[in-house]
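Accompanying notes for the structure given below.
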Ligand code: PHB
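Numbering (my numbering), first residue to last: 383 to 783.
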């Protein structure tokens with residue numbers, strides 16, 4: 383905590399104390415507590431990256447969440463919403479301090495966050511202890527819905543493993559026998575590599591090399607030279623946001639595009655196509671969302687998102703929107719009484735989410751069970767080529783719940 387943060391923390395704590403006393407008097411004398419609960423705004427803490435390589439992802443998630451709230455007249459379970467926002471900078475070292483700003487200082491009812499798997503792990507430790515309701519709209523760290531799983535932890539996105547597992551079948555169908563995996567050296571990259579390796583080896587393929595660069599570095603030259611000398615049948619990559627755009631352009635500039643086919647988890651090509659010219663053309667990826675799904679729900683979502691934000695939605699916007707939908711399902715069941723945590727959790731566990739990606743439900747470990755699409759970049763679209771794996775569930779290794 384900086385000194386400035388500490389000062390703010392202390393001042394707010396003092397004000398909160400006097401406000402709490404005034405509130406207690408009101409409860410005792412004027413209003414039944416249920417009525418007071420109906421009046422109070424629901425405090426939603428958004429902990430997301432608003433700066434750095436994942437900044438755009440944080441904005442898309444925020445937009446998607448707010449769209450789900452807007453569609454319900456600005457309320458969830460009848461409660462108006464007060465947003466509190468923390469920029470987590472995708473910095474794992476600051477994660478405990480940042481999430482504690484929301485939990486201890488602001489006393490939020492629910493935490494929505496975040497993008498980066500390392501930050502997710504920092505949040506998990508704090509939120510397991512505090513028991514605060516938590517909906518994660520992106521970061522795929524396996525442990526959150528694996529060894530660290532907990533009744534108050536929910537994810538509306540994916541596990542890292544899920545996003546690359548179906549690629550094994552895809553590469554096999556193309557006749558590729560060897561592959562190189564390239565990514566950032568941190569939990570998301572390593573787990574996506576594992577998910578791919580497991581799926582590819584099951585199909586008889588061989589992962590001949592894992593190549594890593596530290597997060598969030600984007601100097602790919604030496605690694606691309608190494609790929610050119612290995613000459614695998616295929617390259618599989620995970621990068622996202624600004625890093626993905628840079629990688630796609632460098633892959634083309636290195637002369638590898640058209641020589642060694644490039645695949646990836648869909649983050650490689652989602653939300654970056656406007657920035658990369660034709661560098662991504664033809665790249666095939668797997669992900670739980672795609673362009674051109676052509677369902678009623680997806681069309682309505684895209685139209686509303688484009689109208690509200692003057693932007694095209696992407697997978698991150700969908701995940702944020704579904705976080706809003708999941709929370710709505712929980713709060714509606716208890717008529718906004720978030721203090722009935724068991725009631726909220728039970729309703730969220732049973733929810734069938736009518737998502738732009740297609741309908742999904744939660745696994746026992748609270749991670750989406752969902753279809754994985756095969757997508758191909760055609761022009762400015764991640765065009766759907768069909769379902770690569772129907773209703774794929776994360777194995778939730780180590781989760782006892
Ligand atoms: C992650 O760190 O879990 C992560 C980040 C960005 C993505 C996907 C996963 O696009």
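Where is the CB? At the ideal position from N, CA and C, for every residue including glycine. All figures in this text were calculated on a predicted structure; none of them were measured in a lab.
For residue i, the three-state DSSP class (helix, strand or coil)
i, result
"residue 683", "helix"
"residue 537", "strand"
"residue 542", "helix"
"residue 630", "helix"
"residue 647", "strand"
"residue 611", "helix"
"residue 766", "strand"
"residue 509", "helix"
"residue 735", "strand"
"residue 760", "strand"
"residue 622", "coil"
"residue 642", "coil"
"residue 708", "helix"
"residue 454", "coil"
Integer Cβ distance of residue i from residue j, believed to fall under 8 Å
i, j, result
"residue 770", "residue 755", "6 Å"
"residue 595", "residue 601", "7 Å"
"residue 497", "residue 436", "5 Å"
"residue 553", "residue 645", "7 Å"
"residue 547", "residue 577", "4 Å"
"residue 730", "residue 533", "So it is not a contact: roughly 10 Å between Cβ atoms."
"residue 463", "residue 423", "6 Å"
DSSP beta-bridge partners of residue i
i, result
"residue 596", "567"
"residue 754", "771"
"residue 560", "588"
Any non-hydrogen atom of ligand 2 within 8 Å of residue i CB
i, result
"residue 764", "Questions concerning ligand 2 fall outside what the structure shown contains, since the ligands it does hold are ligand 1."
With 16 other Cβ atoms within 10 Å as the buried cut-off, status of residue i
i, result
"residue 515", "buried"
"residue 643", "buried"
"residue 556", "exposed"
"residue 573", "buried"
"residue 545", "buried"
"residue 611", "exposed"
"residue 442", "buried"
"residue 599", "exposed"
C-beta atoms of residue i and residue j nearer than 9 Å
i, j, result
"residue 468", "residue 483", "yes"
"residue 706", "residue 457", "no"
"residue 445", "residue 693", "yes"
"residue 614", "residue 560", "yes"
"residue 622", "residue 563", "no"
"residue 627", "residue 654", "yes"
"residue 481", "residue 504", "yes"
"residue 776", "residue 524", "yes"
"residue 683", "residue 650", "no"
"residue 647", "residue 669", "yes"
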